[in-house]
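Below is one structure; the comments refer to it alone.
Protein chains: 2
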Amino acid sequence: MTKHGKAKRGIPPKSDFNAWYPAIVEISDLVDKRYPIKGMDVWKPYGWSTMRLIDGLTRKEMENSGHQEYSFPLLVPEDLLEKENHLVSRLKAAREQGVDPSELRMEEEDSGFKKEVYWVTKGGENELDVPMFLRPTSETPMYTMFSLWVRSHADLPLKTFQIVNTFRYETKQTRSFIRVREIHFFEAHTVHKDEEGATKQIEEDAEIVQRLMKSLCLPVLVSKRPVWDTFPGAWYTTAVDAVMPNGRTLQIATYHHYRDQWAQAFDLNYEDINGKIQNCHQTTFGMSERLLGAVVGMHGDDAGLILPPAVSPYQVVLMPVATHINEEVLPKIREIADELRSAGLRVHLDDRDKRPGGKHYDWEIKGVPIRLEFGPRDLAENKCVLSLRTGGKVDANLDNLSETISLHLEDISDKLLELSSIQMSNLVKKFPGLKSTEDGWKMISPIEDGIVYELAFDGNDADAEVLEKTTGLALLGDSVEPYLEPQNCVITGKLTTRKQHLARMY
Amino acid sequence: MTKHGKAKRGIPPKSDFNAWYPAIVEISDLVDKRYPIKGMDVWKPYGWSTMRLIDGLTRKEMENSGHQEYSFPLLVPEDLLEKENHLVSRLKAAREQGVDPSELRMEEEDSGFKKEVYWVTKGGENELDVPMFLRPTSETPMYTMFSLWVRSHADLPLKTFQIVNTFRYETKQTRSFIRVREIHFFEAHTVHKDEEGATKQIEEDAEIVQRLMKSLCLPVLVSKRPVWDTFPGAWYTTAVDAVMPNGRTLQIATYHHYRDQWAQAFDLNYEDINGKIQNCHQTTFGMSERLLGAVVGMHGDDAGLILPPAVSPYQVVLMPVATHINEEVLPKIREIADELRSAGLRVHLDDRDKRPGGKHYDWEIKGVPIRLEFGPRDLAENKCVLSLRTGGKVDANLDNLSETISLHLEDISDKLLELSSIQMSNLVKKFPGLKSTEDGWKMISPIEDGIVYELAFDGNDADAEVLEKTTGLALLGDSVEPYLEPQNCVITGKLTTRKQHLARMY
């Protein structure tokens, strides 16, 4: 039955990840990709509900850390970009000339943003005087307002966030949740009195991400990005990467320390306690539906999704196993459902007129952590059978059932994190090393496809370029977990504790 | 203190509603209107939180009635509009020629939608092959997908909704929540086997609106709109209007019975139980941030907002009254706050270093239903003082405080509904009548500014035009609560139970 069903629904084996992923997001009913704009999927109820649960975890973290939720307009008039353009070009020039950005006086130039956004040029039949673009991210609209809101030290810190859709005119191949043109986006923007305040915020962001990753059962690599991969206008960028089963890394969260660089561009300053005007320091923290992409990609198997209990729309699905005598079983199973719900569990009762095998199969595809079977004989014995999506069936007594289920959900979370950690460590290997030859640098042994390489690297930008060119991979930057014992840098040979990774990034 | 504060913050008296409304939405911190696009406000945390609570009520109703939440893309390619254009022009022609729409064969024409939307014409620096518009509402994108999803009778009913932003290129004067260019929108779209199924859905929608209005303490007029004010493609439209204090009506909800008119245009059909292909019947149901506009406008007073307890971000604000001995009072008041929270109340503890008068004033502006004062003497006497936003102070014992507060919140809701019902009935008057003269129809006595007129009307479209032209007001349509005793139609003189209203609409 199950095998037949599988073949019918056509789930490719997960070992063929590049076929499995795009198939499973539709087969499990997360999205429909047939909407006639590439990279803009329709969120179906199951996918949307899962995403909203992920948002719920984020909102809870925001609330606990004193952030407040705003909602800014989608459209940004082109002329607001001037400040951003000026900032980005100044920083770029400063980097190229090796000087402090604040010392530079120069003409502004295009930040390049214009090439990545959708432009609204007409309202009705009228050409707009000033074209507007759909926000790709919200620095410009937000900081325009922040500079009106922040007056004195008493207004700080200002900790804001919003969960909105952002847009990119994406020319690369699109993939559900991973690379899309309409992005379900979370962005926190904070304003502080000084660099130290902003640094503390970055530390808080790092802790929040850790807790979220634990809820999503996702092991990750956290790196301070190299300077050429730093967000425009940021002092530094820390990025969180998941390693997908095909060995490509997926950037699922970033937090940026802006120092006072954006604040200077946007006249965002405050009067300090001594009446002196000071520039603000800022941070941002962004995540998106890529979190769901990572959950799908990391945890699924040949039979479908496996959703972490924290974000599974249904944590338990109750299934009467004998449909022809439903009348005997249903009242009791409804009672159990209510009991589990009042214990705070997300419960679905599948009372469809369908064979138990078919129901098992459906909920397996959707990755429901626990399926609960219950027949007339079980009723007599005061028990039920739990099928765990991570494998195995167990009998459970109906007394204290919600506690039993809660414990199994915890076990499932632990197991998912364990499995995905093993998977990740199998995909991350020690870099085999380079050798210098007459024709330049060469690999000691060939690069394996689908592998992330860990290496000690302490070279300069030119050395990094050598590394990237020789391997065809990208440097993720300095791991936040450096080596405990110094290692030899793969290029310079110098001893260093700086741990880095080379990977093919999504 | 309070008087001084009021003058300082400059709240106009509510009797000058057209000045009060735009001032209070900013003074109470619901929105900031300084964003550089007219009609696109920034939602501030207090406003956004209130709107999200309103959405929460809506979501609960959707869940209870078996609707599922989707999220469709914002952008719609222009070529998808063809079907809609064809439908709208066919219905218009059928109406003009007095024939059944299905009998007409004709060329399509422009639905007029094009003039009301924002157009995305460029992605990056490229002109798009097919321009796209920002959804003004989602019939076209949704029904394009529905026709892929619905195959057989087993797929029906399909009950969907989404809460998203929609956009209108609005050329009239914009007003926060009332007439904006980026609209926070709720839309339910359902598909049924037959007309009867759709009719039952319309009845369900009516019940949902009634319950929502009760939660928001809003009395409303519910009318079946005249045919010229029916939504394009609808068989009929039922609209829910609030009567704002200036006597203008605000349409805050509509539900439309489409019969199979849209389904025909979008090839939305199904195989019935006998294997025969049948057209689907459809309904939609829409609401927006106008709900918040009505709440603000109907319930506020000279001192600020008054928020209904069901959607107030804070139902109770706790204020220690003696700041210099906070240390004595604070631990106890924190304990009370936790206790109230665990009873399910939304609670804020205002422990700012500020005089009690100033705190009272701040929370009065924000319309918090109950302020709870608590000093060292109260502590000794095991009591506190509740200030009700609808007026009055009462002592409350600290035992069973959450029950006491819940009862007061219910009273406040009742009082708000009572007050706004009285307000509405003062604004709705019996129509004085018309007289036929040599120069045509004239008013028997002059129209009063800011009044909604109730009248018996059973005339045809030409009669309706006379009524609207003579009064300068718009017909809201047939009230769902007709007269119990027949009355004489104000134009034809014939006896009728059809009750209608004439009003100036927002």
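So the protein lines, in turn, are chains A and B.
Heads up, the first sequence is in numbering that gives the first Met the number 0, so the first residue is 0 and it goes up one at a time.
Heads up, the second sequence is in numbering that gives the first Met the number 0, so the first residue is 0 and it goes up one at a time.
The beta carbon of each residue, even a glycine, is placed where N, CA and C say it ideally should be.
- With distances taken between CB atoms, is the gap from residue 470 of chain A to residue 440 of chain A smaller than 7 Å? no
- Task: Can you give me the Cβ contacts of residue 286 of chain B inside the same chain, cut-off strictly under 6 Å, excluding the 5 residues immediately before and after it?
- Result: 185 and 252
- Residues in the region 161–195 of chain A having any Cβ partner in chain B nearer than 7 Å: 164, 168 and 181
- Message: So the candidates are B:353, B:317 and B:91; which of them puts its Cα closest to the Cα of residue 337 of chain B?
- Response: B:317
- For residue 114 of chain B, which residues in chain A fall below 8 Å Cβ to Cβ? 123 and 124
- Message: Considering only their Cβ atoms, is the gap separating residue 13 of chain A from residue 506 of chain A smaller than 7 Å?
- Response: This structure cannot settle anything about residue 506 of chain A, because the visible part of chain A is limited to 0 through 505.
- Item | 7 Å Cβ cutoff met for residue 56 of chain B and residue 211 of chain B | yes
- Identify every residue that forms a DSSP beta bridge with residue 504 of chain B. B:248
- Endpoints, alpha helix (DSSP H) assigned at residue 56 of chain A: 44–63
- Quick one: what's residue 417 of chain B bridged to in DSSP? Note: residue 417 of chain B sits in no beta bridge, so no partner.
- Of all the CB atoms in chain A, is at least one closer than 7 Å to the CB of residue 41 of chain B? yes
- Are any of the Cβ atoms in chain B nearer than 7 Å to that of residue 95 of chain A? no
- Task: Note down the Cα distance separating residue 333 of chain B from residue 327 of chain B, rounded to an integer number of angstroms.
- Result: 11 Å
- Task: Look up residue 432 of chain B in the DSSP assignment and say whether it is helix, strand or coil.
- Result: coil
- Determine the contact status of residue 71 of chain A and residue 135 of chain A, defining contact as a CB-CB distance below 7 Å. no
- Pull up the distance between the alpha-carbon of residue 388 of chain B and that of residue 278 of chain A, whole angstroms please. 41 Å
- Message: Determine whether the beta carbon atoms of residue 265 of chain B and residue 435 of chain B lie at a separation below 7 Å.
- Response: no
- residue 370 of chain A - containing beta strand (DSSP E), residue span: 369–373
- Message: Please tell me whether residue 298 of chain A and residue 385 of chain A are closer than 7 Å, where the distance is taken between their beta carbons.
- Response: no
- Message: Can you tell me whether residue 84 of chain B is buried or exposed? The criterion is at least 16 other CB atoms within 10 Å of its CB, across all chains shown.
- Response: buried
- Task: Give the range of the alpha helix (DSSP H) segment to which residue 199 of chain A is assigned.
- Result: 194–214
- Task: Starting from residue 280 of chain A, trace the alpha helix (DSSP H) both ways and give me its first and last residue.
- Result: Element bounds for residue 280 of chain A: not the alpha helix (DSSP H) but the beta strand (DSSP E), 280–287.
- CB-CB under 6 Å to residue 18 of chain B, same chain, minus the five flanking residues each way: which ones, in chain order? 11
- Query: For residue 114 of chain A, which of helix, strand or coil comes out of DSSP?
  - Reply: helix
- Message: Counting C-beta neighbours from all protein chains within 10 Å, is the total for residue 330 of chain A 16 or more, i.e. buried, or is it exposed?
- Response: exposed
- Burial state of residue 341 of chain B (16 or more Cβ within 10 Å): exposed
- Message: Run through chain B and tell me which residues come within less than 9 Å of residue 76 of chain A, C-beta to C-beta.
- Response: 35 and 36
- Query: With burial defined as no fewer than 16 other Cβ atoms inside 10 Å of the residue's Cβ, what is the status of residue 121 of chain A: buried or exposed?
  - Reply: buried
- For residue 425 of chain B, does the count of other Cβ atoms within 10 angstroms reach 16, so buried, or fall short, so exposed? exposed
- For residue 309 of chain A, which beta-bridge partners are listed by DSSP? None; residue 309 of chain A has no bridge partner.
- Contact belief for residue 519 of chain B with residue 366 of chain B at Cβ below 8 Å, rounded distance in angstroms: No answer is possible for residue 519 of chain B: the residues shown for chain B start at 0 and end at 505.
- Message: So for residue 20 of chain B, helix, strand or coil by DSSP?
- Response: helix
- Task: Can you tell me which of B:231, B:54, B:51 and B:37 puts its alpha carbon nearest to the alpha carbon of residue 74 of chain A?
- Result: B:37
- Task: Indicate whether residue 400 of chain A and residue 381 of chain A have their beta-carbon atoms separated by less than 7 Å.
- Result: no
- Where residue 149 of chain A falls: helix, strand or coil (DSSP): coil
- Residues of chain A with CB under 8 Å from residue 79 of chain B, in chain order? 35
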